[in-house]
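As you go down the protein sequences, you meet chains G and Y in turn. If you read the first sequence in the UniProt record's numbering, its first letter stands for residue 1, the second for the next number, and so on. If you read the second sequence in the UniProt record's numbering, its first letter stands for residue 1, the second for the next number, and so on.
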Amino acid sequence: MDLLCILSSLLISYLIFKIWKRIDSKRDQSCYILDYQCHKPSDDRMVSTQFSGEIILRNKHLRLNEYKFLLKAIVSSGIGEQTYAPRLFFEGREECPTQQDALSEMEEFYIDTIKKLLERNKLSPTDIDVLVVNVAMLNTTPSLSARIINHYKMREDIKVFNLTAMGCSASVISVDIVKNIFKTYKNKLALVVTSESLSQNWYSGNNRSMILANCLFRSGGCAVLLTNKRSLSGKAMFKLKCLVRTHHGAREDSYNACVQKEDELGRVGIHLDKTLPKAATRAFVDNLKVITPKILPVTELFRFMLSLLLKKLRGNPSKGSTAVAQAAPKAGINFKTGIDHFCIHTGGKAVIDAIGYSLDLSEYDLEPARMTLHRFGNTSASSLWYVLGYMEAKKRLRRGDRVFMISFGAGFKCNSCVWEVVRDLNVGESLGNVWNHCIDQYPPQSIVNPFLEKYGWIREEDDHDTFKIREEAM
Amino acid sequence: MSQAPMPDFSSSVKLKYVKLGYQYLVNHFLSLLLIPIMAIIAVELLRMGPEEILNVWNSLHFDIVQVLCSSFLVIFISTVYFMSKPRTVYLVDYSCYKPPVTCRVPFATFMEHSRLILKDSPKSVEFQMRILERSGLGEETCLPPAIHYIPPTPTMDEARSEAQMVIFTAMDDLFKKTGLLPKDIDILIVNCSLFSPTPSLSAMVINKYKLRSNIKSFNLSGMGCSAGLISVDLARDLLQVHPNSNAVIVSTEIITPNYYKGNERAMLLPNCLFRMGSAAILMSNRRSDRWRAKYKLCHLVRTHRGADDKSYYCVYEQEDREGKIGINLSKDLMAIAGEALKANITTIGPLVLPASEQLLFLLSLIGRKIFNLKWKPYIPDFKLAFEHFCIHAGGRAVIDELQKNLQLSGEHVEASRMTLHRFGNTSSSSLWYELCYIESKGRMRRGDRVWQIAFGSGFKCNSAVWKCNRTIKTPKDGPWSDCIDRYPVFIPEVVKL
Chain G
1 MDLLCILSSL LISYLIFKIW KRIDSKRDQS CYILDYQCHK PSDDRMVSTQ FSGEIILRNK
61 HLRLNEYKFL LKAIVSSGIG EQTYAPRLFF EGREECPTQQ DALSEMEEFY IDTIKKLLER
121 NKLSPTDIDV LVVNVAMLNT TPSLSARIIN HYKMREDIKV FNLTAMGCSA SVISVDIVKN
181 IFKTYKNKLA LVVTSESLSQ NWYSGNNRSM ILANCLFRSG GCAVLLTNKR SLSGKAMFKL
241 KCLVRTHHGA REDSYNACVQ KEDELGRVGI HLDKTLPKAA TRAFVDNLKV ITPKILPVTE
301 LFRFMLSLLL KKLRGNPSKG STAVAQAAPK AGINFKTGID HFCIHTGGKA VIDAIGYSLD
361 LSEYDLEPAR MTLHRFGNTS ASSLWYVLGY MEAKKRLRRG DRVFMISFGA GFKCNSCVWE
421 VVRDLNVGES LGNVWNHCID QYPPQSIVNP FLEKYGWIRE EDDHDTFKIR EEAM
Chain Y
1 MSQAPMPDFS SSVKLKYVKL GYQYLVNHFL SLLLIPIMAI IAVELLRMGP EEILNVWNSL
61 HFDIVQVLCS SFLVIFISTV YFMSKPRTVY LVDYSCYKPP VTCRVPFATF MEHSRLILKD
121 SPKSVEFQMR ILERSGLGEE TCLPPAIHYI PPTPTMDEAR SEAQMVIFTA MDDLFKKTGL
181 LPKDIDILIV NCSLFSPTPS LSAMVINKYK LRSNIKSFNL SGMGCSAGLI SVDLARDLLQ
241 VHPNSNAVIV STEIITPNYY KGNERAMLLP NCLFRMGSAA ILMSNRRSDR WRAKYKLCHL
301 VRTHRGADDK SYYCVYEQED REGKIGINLS KDLMAIAGEA LKANITTIGP LVLPASEQLL
361 FLLSLIGRKI FNLKWKPYIP DFKLAFEHFC IHAGGRAVID ELQKNLQLSG EHVEASRMTL
421 HRFGNTSSSS LWYELCYIES KGRMRRGDRV WQIAFGSGFK CNSAVWKCNR TIKTPKDGPW
481 SDCIDRYPVF IPEVVKL
């Protein structure tokens, strides 16, 4: 009898031990942001109105129509006087970039940000277990991820992924990879490096849909440290609540909204179609459909369902909003009940306006995105982190707050995620924040672009054939 | 190379039997230990006699409640145990792209093109000829249509149409073979090292096949010839997290935009070796796919030597003196590959080698390090761990070097050599052509283990271990179907051109 007891208790305790091990491996799967560092390029790379004008005039293929188009685009872009461009633009070589230019642009970025990030957190490069690099428009051999590993002498068994061509939403895709890896492997530290390479992607032709990209994109980048280590969760800033990806590549019009191709004369540029806002809206709506139930409280969802039901029963199509609804449909649901801050991809003033309208956001909510667009321009995938930096610098982030990140990308994708603030970020100084030096000047009194003042006379010009740039504009 | 640390009887036949007996003993140690235990128990039982046994049985008070509780507990625990096992990842099937005959580049065509394009630098033409003679490539390798023009016309449109041709054909083939519906794909990973348009190639695939909007797509690039295994690694990690899903991986290399147009010698080398090819692979973690899956993924080990400067610079894309872009392959590529392989082996060895080899390796390590005996480092015999080897067909020199390092016979590296001969270096998809060769030869049996090794720029060495799930019949279609009877061919050291 005793023997049987002993044997059975041994067996049971062994099984319990195995189960405990299995359960233990399922813990520590949360994804935390430990810290992040955005890149502020040096001041000699600032693009002023004067300089913008110079670059445009350097392109000998442009005619009056293109100038008018550009004027309209730049004036309504919401981009200010202090954005940054790659160094070779200042040397007048934007039409003949070399491989080395692209590489040094990237080096300037990652050497600065990763160093600051690791130093601040007292980590060494060999502590990093996972590295995900996403730069949409640069593809080199060895990859950028290999360059970073070489520069920082990272470990041999590092898990590394190099994503390209995934557009402005690639940040969220990189976080998705890290989130999935954290579910399988415990105690890992991940580094996500995101940026955009502009050096080799200047369009030197005169196709209007392609020169738009020249005006909007600016230099910038960000490095983010993520972890699932329990010991570091106290020092973490944000915790990932959910992440949803929507891909509309199956639809022809969404797929062709943003395509890199050659124009009639063989020059490569990114074609931004007129249907791009519609494609973005469709993708955004689909994305919201999936993520809304996950982030809003049940009471709000109930209220929304009830209001929809009432509308249907009354059989009342809302006439007032049909005209405006073509641009962006009003959601009719109050997102502020579940989300406190909105991190919108700074794709352009139109994008921010459209999202503000459809989610019914106030100017206070849209301020971080608008100010980022004004100060740093559209830095592609890393723009979300600059917007987050603004909120942090303005001391808006309190413990328990939720931040909703929305991004769009070529293809057409809409990726979004929700972060929860883990500790109070509105006390003390946020070290290394890229907005620290200028946050007091924001929001500025007016963000009207001086471009209108300087070049507005182009609108009055009518004669296409004999049009010549006046001397004073040079 | 090294020998076993017993140089005295190395030529003796008796050594073979000693080795075999030793291997058997160590590998089956636990089962051999069980024999005396069972013998003791049997003797005890016989000694006790039947009445005593019945007495022992009756003295155990079995309450109905106790019985129920304990059986319930056992069932509950075993259910939780089985449900929380890490998911096995299967390779259901894969298909390789067979280029059309019109894209063939025999030696004569290649040399003629070379002479016309590089007419100002006869030394470079001479160099290309010498490379081609010793390359191990055959006359049936293929280049994309844009490269057949004189001079080549590598526009973005042509590159896109090459991508569409190779990727869509391979995927159509995969859908036909597996009966997979496009809308059932949960994860899509595309890896193409040197061509990365916006929208990405993964978006192109999603657009063509109208895949679902909640698909998880990833586009890896710049990761060299080992990117195929990196995609498999990513798929495996994702399949651990998402239950009941499948993943499609597309591995390819688009040659059109990367044909080097200059005349710098070290950069002309890739022109001679890289050829058109692609592969589409379906992986799954569904239990229902267990029966029809071809392989099960056992291990995947990645090693990155980027921290070492020499390794990092050995495959480097740069501009030559005239500003033309090309890939520079350094002269010590072989040595670096050998070192990267050693680093990879030290991790994968303990996972796959039988206990006998590991013990020998451990003993030789102890002897050398602790007792400072002058033994040569013991290279474990990987032929005991694997039945088939798929070595990336990077070039003849790579295959020779690995054959030497791992002490493999000609038959083991036959798949790699024949793939290099028939298809050239198709970069990340070459491993799949080699696997298809082994299957087409009817050598793949259930339970066979395959080791895939790939190298990539950076410098990376990745290896994957697969176990064959079911004996595979010789496929009737596929890239080798029309020529498998001619293989293996004898590839001379130098083919005189």
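The C-beta atom is built at its ideal place from N, Cα and C for all residues, glycine as well. Predicted model, so just to flag it, every value in this text is computed and none were measured.
- Secondary structure of Y:L360 (DSSP, three-state): helix.
- In the DSSP assignment, Y:H392 falls outside any beta strand (DSSP E) and carries neither an H nor an E.
- The segment 234-250 of chain Y makes contact with the segment 181-194 of chain Y; the number of CB pairs closer than 8 Å reaches 3 or more.
- Using a CB distance below 8 Å, the part of the segment 315-339 of chain Y facing chain G consists of V315, Y316, E317, Q318, E319, G323, I325 and I327, ordered along the chain.
- The segment 198-214 of chain G makes no contact with the segment 162-177 of chain G: fewer than 3 CB pairs, one atom from each, lie closer than 8 Å.
- The segment 248-260 of chain Y and the segment 188-199 of chain Y touch, with three or more beta-carbon pairs separated by less than 8 Å.
- Between Y:K208 and Y:L201, the alpha-carbon positions lie close to 11 Å from each other.
- DSSP places G:K179 inside the alpha helix (DSSP H), whose first and last residues are A170 to T184.
- With a threshold of 7 Å between beta carbons, Y:Q240 makes contact with chain G.
- DSSP, reduced to helix, strand and coil, places G:F161 within a strand of the structure shown.
- Residues of the same chain with a CB within less than 6 Å of the CB of G:A283, apart from the 5 flanking positions on each side, are T246, H248, F412 and C414 in chain order.
- Burial check for G:E392: the Cβ neighbour count within 10 Å reaches 16 or more, so the residue is buried.
- In this structure, DSSP gives G:H271 an extended state, which the three-state scheme calls strand.
- Residues of the segment 121-145 of chain G with a C-beta less than 8 Å from any C-beta of chain Y: A136, M137, N139, T140, T141, P142, S143, L144 and S145, listed in chain order.
- Under the DSSP assignment, Y:A340 falls in the alpha helix (DSSP H) whose first and last residues are L333 to V352.
- Here the alpha carbon of Y:E493 sits roughly 45 Å from the alpha carbon of G:N201.
- Straight across, the Cα-Cα distance linking G:L163 with G:V193 is about 10 Å.
- The alpha helix (DSSP H) runs of length 4 or more contained entirely in the segment 397-483 of chain Y are, from start to end of the chain, 414-423 and 430-440.
- Boundaries of the alpha helix (DSSP H) harbouring G:H151: L144 to Y152, taken from the DSSP string.
- For G:Y255, the nearest CB of chain Y lies under 7 Å from its own CB, placing it at the interface with that chain.
- Residue state for G:R398 is assigned as coil, using DSSP reduced to three classes.
- Note: G:V192 is bridge-paired with G:V132 and G:V224 in the DSSP secondary-structure output.
- For Y:I206, the C-beta contacts it makes with chain G under 9 Å involve H247, H248, G249, A250, Y255 and G411, in order along the chain.
- Counting C-beta pairs with one atom in each stretch, the segment 365-374 of chain G and the segment 289-309 of chain G have fewer than three that are closer than 8 Å, which means they do not touch.
- Taking C-beta atoms as the reference points, G:V418 and G:K241 count as a pair closer than 7 Å.
- In the structure shown, the three-state DSSP call for Y:A279 is strand.
- One Cα belongs to G:H39, the other to G:V224, and the distance between them is close to 11 Å.
- At a cut-off of 7 Å between beta carbons, G:E105 makes no contact with chain Y.
- About 6 Å separates the CB atoms of G:L88 and G:S199; that is less than 8 Å, so the two are in contact.
- Secondary structure in the segment 296-384 of chain G: the beta strand (DSSP E) runs of 3 residues or longer, each lying completely within the stretch, are 341-344 in chain order.
- In the DSSP annotation of this structure, the continuous segment of the beta strand (DSSP E) that includes Y:L188 starts and ends at I187 to C192.
- Sixteen is the threshold: since fewer than 16 other Cβ atoms of the shown chains lie within 10 Å of the Cβ of Y:I150, the residue is exposed.
- G:R230 is the residue among G:S219, G:R230, G:H61 and G:S13 whose C-alpha sits nearest the C-alpha of G:S30.
- Put simply, the CB of Y:V80 is near chain G, with a gap under 7 Å to one of its CB atoms.
- Taking a cut-off of 8 Å on C-beta distances, the segment 113-127 of chain Y touches the segment 139-153 of chain Y, as three or more cross pairs fall below it.
- Under the DSSP assignment, Y:D309 falls outside any beta strand (DSSP E), being part of the alpha helix (DSSP H) whose first and last residues are D309 to Y312.
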